[in-house]
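J.:
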Amino acid sequence: MIPASWSGVKSEERAGARLADWQAVGWELTASSAQGIIERHFGQMEQNIVSAAEKTSLADISKGQQLEGIVKKVTLSGAIVDVGAPVDGLLHISELGQKGVTRTSDVLSEGQTITVWVKRLDLEKGRLSLTMQEPPKYTWADLKPGLKLEGKVVRLEKFGAFVDIGAGTDGLVHVSEMSKGRVESPADVVSEGDVITVWIKEADRKSRRISLTMLEPPEVDIRTLKPDTVLMGKVVRIENFGAFVDIGAGRDGMVHVTEMGRGYVGSPSEIVSVGDEIEVRVLEVDPRRGRISLSMKDLPTDQLAFDEDVEEIPSSMELALRAAMEDGGYAPPPRRSRRKRRKSRRYRDDIQDEIIARTLESHQD
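With the sequence shown counted from 1, adding 212 to any position gets you our numbering.
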């Protein structure tokens, strides 16, 4: 006697029908044939146990993980895929990696081996959602301004080029960000399929927009540039009202003629020339309008100027004072450098007060 479940059918009624079929064809259930059924049954059980042991635990699977799977069934809404896990994965038709697919059978067939990635995993409910679209290399949190990336041009428009940078959303390189010079058409610079180097200019997760540039970002970020920052720059243009200086911010800063010296400056060309390397201090920054106001006054080097032995040009008052001191028998104060300017003025004031006092006494006598 063998259990009905070993006959290959699920119900006892069907098992009886199966035995009747065997007898109808003259197949006698001998000990040897029963032994064969038993061996096949236990063999199938052993195979199931081995297969279950070889299956990957759901706890070992993570979101974004790449898997190899076999399509078990194709449906209208997608496909059931065996990825070697305790449960089969569901691959929705929208996750086939191709746009405009209306029938799963146009892309997949039963028994086909495919590469998939884990999209969602629910350990409690034992559900596994798959996708044939490779997950993005970069998340929105990774897309910081100034980040350098390699991307592939996927579409050209009149206003720019769309580039796949592996972020799930294509970035846009505006035509004005393709070259420092004027570009008439994006097709003059890039073609579809080109792999180009780009930098993140701005990434807006809310609107899902990524702005890119093919121009290497400047050393100085105008958005973080603060007033009173001292920088070295190169004079690139001179106008009647001032000079434009390249400080490496992508936008030239402007030094107004009134910020070129403490005294009167008639023309910027009296102070600087095109090509001069000068030190400037940031006065004001307007990132929205791209304007940077600079000054050549109140620099750290101004303090060093007081340490230089440069003679002062005496005023007419000082010349008259010297003459009066010489007539009165006083030695005139020595000429002082700028470093001694304050001490010189105090000494002069003391002598002047004494001369005035002596003059008053002589008149009283």
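Glycine included, C-beta positions come from ideal geometry on N, C-alpha and C.
1. Out of G502, I326, G473, state which residue places its alpha-carbon closest to the alpha-carbon of A461.
2. Which partner residues of E491 appear in the DSSP bridge assignment?
3. State the beta-bridge partners of K364 as determined by DSSP.
4. So what does DSSP say about T381, is it helix, strand or coil?
5. Suppose contacts are defined by Cβ-Cβ distances below 8 Å. Is W352 in contact with R417 by that definition?
6. Assuming M472 and M508 make a contact with CB atoms under 8 Å, what is their CB distance in whole Å?
7. Which partner residues does L466 have in the DSSP bridge list?
8. For the stretch 428-447 and the stretch 383-397, state whether three or more C-beta atom pairs, one from each stretch, are separated by less than 8 Å.
9. Quick one: measure Cβ to Cβ for L427 and K370, integer angstroms, because I've assumed they're closer than 8 Å.
10. Just verifying my parser: in three-state terms, what is the DSSP assignment at I305?
11. With respect to the beta strand (DSSP E) encompassing D354, which residues constitute its N-terminal and C-terminal limits?
12. Could you tell me the distance, in whole angstroms, from the CA atom of G372 to the CA atom of G358?
13. Are there three or more Cβ pairs, one per stretch, closer than 8 Å when the stretch 317-333 is compared with the stretch 360-369?
14. For P398, which option in L495, V442, F374 has the closest C-alpha, if you only look at C-alpha atoms?
15. So, with DSSP's three-state summary, where would you put R534?
16. Does the Cβ-Cβ distance between V484 and V447 come in under 8 Å?
17. In angstroms, rounded to a whole number, what distance separates the CA positions of I376 and V492?
18. To the nearest angstrom, how far is the alpha carbon of G153 from that of P499?
19. Return the CA-CA distance between I459 and L443, expressed in angstroms with no decimal places.
20. Applying the 10 Å Cβ sphere with the 16-neighbour rule, what's the burial state of A291?
T.: Put simply:
1. For this step, residue 461 is matched to residue 249 along the sequence shown. Cα-wise, what sits closest to A461 is G502.
2. As a working note, residue 491 is residue 279 in the sequence shown. DSSP lists M444 as partners of E491.
3. In the sequence shown, counting from the first residue as 1, residue 364 sits at position 152. DSSP, once it has assigned bridges, lists D376, V407 as partnering K364.
4. If you number the sequence shown from 1, residue 381 lands on position 169. Note: T381 maps to coil in three-state DSSP.
5. Position 140 of the sequence shown, counted from the first residue, corresponds to residue 352. Position 205 of the sequence shown, counted from the first residue, corresponds to residue 417. Contact: yes.
6. The count along the sequence shown starts at 1 and reaches residue 472 at position 260. The count along the sequence shown starts at 1 and reaches residue 508 at position 296. At roughly 5 Å, the Cβ-Cβ gap stays under 8 Å, so M472 and M508 are in contact.
7. In the sequence shown, counting from the first residue as 1, residue 466 sits at position 254. The residue you asked about is not Leu; residue 466 is Met in the sequence shown. F456, S505, per the DSSP bridge assignment.
8. no
9. Working through the sequence shown from its first residue, we reach residue 427 at position 215. Working through the sequence shown from its first residue, we reach residue 370 at position 158. Not confirmed; about 20 Å, so no contact.
10. In the sequence shown, the residue the question calls residue 305 occupies position 93. Of the three classes helix, strand and coil, the one that applies to I305 here is helix, per DSSP.
11. Locating residue 354 in the sequence shown gives position 142, counting from the first residue. D354 -> no beta strand (DSSP E), and no H or E assigned at all.
12. Translated into the one-based positions of the sequence shown, residue 372 becomes position 160. Translated into the one-based positions of the sequence shown, residue 358 becomes position 146. Between G372 and G358, the C-alpha separation is close to 19 Å.
13. no
14. Residue mapping note: residue 398 aligns to position 186 of the sequence shown, counting from 1. Closest by alpha carbon: F374.
15. As a working mapping, residue 534 is identified with position 322 in the sequence shown. In the structure shown, R534 sits in a helix (DSSP, three-state: H, G or I).
16. For this step, residue 484 is matched to residue 272 along the sequence shown. For this step, residue 447 is matched to residue 235 along the sequence shown. Yes, the Cβ-Cβ distance between V484 and V447 is below 8 Å.
17. For the purposes of this step, residue 376 is taken as the residue at position 164 of the sequence shown. For the purposes of this step, residue 492 is taken as the residue at position 280 of the sequence shown. As written in the sequence, residue 376 is Asp, which differs from the Ile given in the question. So the two alpha carbons sit approximately 41 Å from each other.
18. Given that the chain is displayed from residue 213 to residue 577, the structure contains no residue 153 and the question cannot be resolved.
19. By one-based count along the sequence shown, residue 459 stands at place 247. By one-based count along the sequence shown, residue 443 stands at place 231. Answer to the nearest angstrom: the Cα atoms are 7 Å apart.
20. Indexing the sequence shown from 1 puts residue 291 at position 79. Its Cβ being crowded by 16 or more others within 10 Å, A291 is buried.
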